[in-house]
Amino acid sequence: MVYLIVDKSLEVQIQKIKYYKCFLHELYHDDVECIIEDNRVITPLGSEGKALEERGRSIGKKLLDAVAVYLWRDGEIIILKNNL
118 MVYLIVDKSL EVQIQKIKYY KCFLHELYHD DVECIIEDNR VITPLGSEGK ALEERGRSIG
178 KKLLDAVAVY LWRDGEIIIL KNNL
């Protein structure tokens, strides 16, 4: 499984999300699941990081067995994990 984590502020960009999911599917030949979440849950930023830490841990457990994990935030794609 490949995961695309999309920052909550970008969830309205449905066409781009579909594009990235298709691209990752073609690249890995594996299923792609999209997680839409506040990006601070995955990479805690600022003083609110502690409050979001618990949600991040539950998502992190899900990502342990992933083939690849990508984070889309602030107009860029960040590779968090890649076992290609």
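Offset between the sequence shown (1-based) and the working numbering: plus 117.
Glycine included, C-beta positions come from ideal geometry on N, C-alpha and C.
Note that the structure is predicted; figures quoted are calculated from it, not measured.
Quick one: what's got a C-beta closer than 7 Å to residue i's C-beta in the same chain, skipping five residues either side?
i, result
"Glu128", "Ile153"
"Asp147", "Met118, Val119 and Val184"
"Ile134", "Val123 and Cys151"
Which two residues bound the contiguous beta strand (DSSP E) that contains residue i?
i, result
"Lys198", "Glu193 to Asn199"
"Leu188", "Ala185 to Arg190"
"Asp124", "Val119 to Asp124"
Any idea if residue i is buried or exposed, counting beta-carbon neighbours within 10 angstroms, 16 or more meaning buried?
i, result
"Tyr187", "buried"
"Ile196", "exposed"
"Leu121", "buried"
The ligand GTP heavy atoms versus the CB of residue i: any closer than 7 Å?
i, result
"Lys138", "This structure does not include the ligand GTP; it has no bound ligands of any sort."
Please give me, in chain order, every unbroken run of the alpha helix (DSSP H) with length at least 4 that falls completely inside the stretch 129-154. 131-145
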